[in-house]
């Protein structure tokens, strides 16, 4: 199984909405409802933003939402703020013993 | 407050061994799966290995199988990663991470491992 596919970059102006896609296969995203999303600022550890496709951990603003359709998951950031500028990674349960978690290549979100 | 603090990262030569440690606090360590996830410089995240609550079940990525060993000491709230036969491509920041429902809820700050001659 290869890494999940994300666009390398995305951008939006403050207040706008932006959606980041994450494409897998019917062996990972398409089979399991274990998709998560992580935000990573430069030089910092990743932070969980979404788990189990649509759930937000405590403390994550409701401006962050996510969904899944078939083999593709999506993260939407509404009401963009300057602090949302970061790298975003999707992740799915891989379904096999040698690939428990499969990550996407990451998307650099720029707030214009 | 959940805290995961890695230690042991350093510069080593190809073929050498290194052991990373992760000290956990602020939660019931023995109740969670734990992972190691790495990130090569300027690259994305890569899952490396994980271990179940009592240490009896371990899974490894193909890229490290046979060279890396994960272990834990629940009495000391500690997670370990023994890395043998290190290669240049193992150069990365290694994150200790707490797993739950096939997601990583908490990450350590990371330990940099550099493999170079």
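Residue numbers (this note's numbering), protein chains in the order written: chain A, 5 to 116; chain B, 237 to 353. We put the beta carbon where it would ideally sit given N, CA and C, even for glycine. Since we're looking at a predicted model, the values are computed, not measured.
What does DSSP give as the partner residue(s) for residue i in the beta ladder?
i                      : result
residue 42 of chain A  : A:52 and A:93
residue 286 of chain B : B:271 and B:295
residue 266 of chain B : Residue 266 of chain B pairs with nothing; no bridge assigned.
residue 345 of chain B : The partner list for residue 345 of chain B (beta bridge, DSSP) is empty, contrary to what the question assumes.
residue 112 of chain A : A:13 and A:91
residue 305 of chain B : B:318
residue 331 of chain B : B:273
residue 351 of chain B : B:248
residue 239 of chain B : B:261
residue 255 of chain B : B:318
Checking 9 Å against the spacing of the C-beta atoms, do residue i and residue j come in under that value?
i                      : j                      : result
residue 349 of chain B : residue 246 of chain B : yes
residue 8 of chain A   : residue 24 of chain A  : no
residue 305 of chain B : residue 294 of chain B : yes
residue 107 of chain A : residue 97 of chain A  : no
residue 289 of chain B : residue 261 of chain B : no
Hey, how far is the Cα of residue i from the Cα of residue j?
i                      : j                      : result
residue 20 of chain A  : residue 69 of chain A  : 14 Å
residue 336 of chain B : residue 280 of chain B : 21 Å
residue 393 of chain B : residue 277 of chain B : The question about residue 393 of chain B has no answer, for chain B in this structure spans 237 to 353.
residue 317 of chain B : residue 37 of chain A  : 29 Å
residue 291 of chain B : residue 254 of chain B : 20 Å
residue 319 of chain B : residue 332 of chain B : 14 Å
Which residue wins for smallest C-alpha separation from residue i, given the options the options?
i                      : options                : result
residue 259 of chain B : B:314, B:335 and B:280 : B:314
residue 302 of chain B : A:102, A:86 and A:65   : A:102
residue 322 of chain B : B:290, B:276 and B:351 : B:351
residue 64 of chain A  : A:41, A:36 and A:114   : A:41
residue 35 of chain A  : A:53, A:73 and A:45    : A:73
residue 58 of chain A  : A:95, A:104 and A:31   : A:95
residue 338 of chain B : B:244, B:325 and B:283 : B:283
Am I right that residue i and residue j are in contact with their C-beta atoms under 8 Å? What's the rounded C-beta distance?
i                      : j                     : result
residue 84 of chain A  : residue 17 of chain A : 7 Å
residue 113 of chain A : residue 90 of chain A : 6 Å
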